[in-house]
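Chemist: Can you read through this structure? Questions will come right after.
In the working numbering, the protein residues as written are 2 to 156.
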């Protein structure tokens, strides 16, 4: 199919060349009234000047970093400390909403870490989650007493 396409393009170009072979572009003369309007072009750039321009245009910008860093993308969150915070809040209240768990979060990353902590606690059957309606309020209930709290905190 590619060969056929190239053959078709070659035929089209050949027809265009054949149709225009007797045509010659007109060489207009200079209008004497416009002869002095534009200054004469004086090209005085040396090959070294052109090389320097090319190096500047194609060269690496100084602002490009040598390595990719992620510090500017997100803040660092101490997940162990967040885990302890969630456990403390659940132990004190026994039953809280997710909104209450993240009310003091100062960054979105903290909310994500606390949600991940809840998923781990749910997986370990330490908490139960209740959400009566889709997209409704999520209620977190501490499933067992202090003995399990101490075991979980040691992890």
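Idealized CB from N, CA, C, for every residue including glycine. Quick caveat: nothing in here was measured; it's all calculated off a predicted structure.
1) Work out the CA separation of residue 69 and residue 90 for me, nearest whole Å.
2) What separation, rounded to the nearest whole angstrom, lies between the Cα atoms of residue 15 and residue 4?
3) Within the chosen definition, does the segment 34 to 53 reach the segment 76 to 86 through at least 3 CB pairs nearer than 8 Å?
4) Have a look at 21, 106, 135, 26 and flag the residue whose alpha-carbon is nearest the alpha-carbon of residue 80.
5) Under DSSP, the alpha helix (DSSP H) around residue 80 begins and ends at which residues?
6) Spatial neighbours of residue 139 within its chain, please: CB distance less than 7 Å, with the 5 preceding and 5 following residues excluded, ordered by chain position.
7) Kindly indicate which three-state DSSP category residue 147 falls into: helix, strand or coil?
Modeler: With the structure as the only source:
1) Residue 90 sits at position 89 when you count from the first residue of the chain shown. Residue 69 sits at position 68 when you count from the first residue of the chain shown. Taking the straight line joining both Cα atoms gives about 38 Å.
2) Stepping through the chain shown from its first residue, residue 15 is reached at position 14. Stepping through the chain shown from its first residue, residue 4 is reached at position 3. Approximately 16 Å between the Cα atoms of the pair.
3) no
4) Taking the chain shown and counting its residues from 1, the one referred to as residue 80 is at position 79. Taking only the C-alpha atoms, the option nearest residue 80 is 106.
5) As a working note, residue 80 is residue 79 in the chain shown. Unbroken alpha helix (DSSP H) run through residue 80: 80 to 94.
6) For the purposes of this step, residue 139 is taken as residue 138 along the chain shown, with counting starting at 1. Hits under 7 Å: 98, 99, 130, 132.
7) Along the chain shown, read from residue 1 onward, the residue named residue 147 stands at position 146. With a pLDDT of only 49 at residue 147, under 50, the local geometry of the prediction cannot be trusted, and no value is derived from it.
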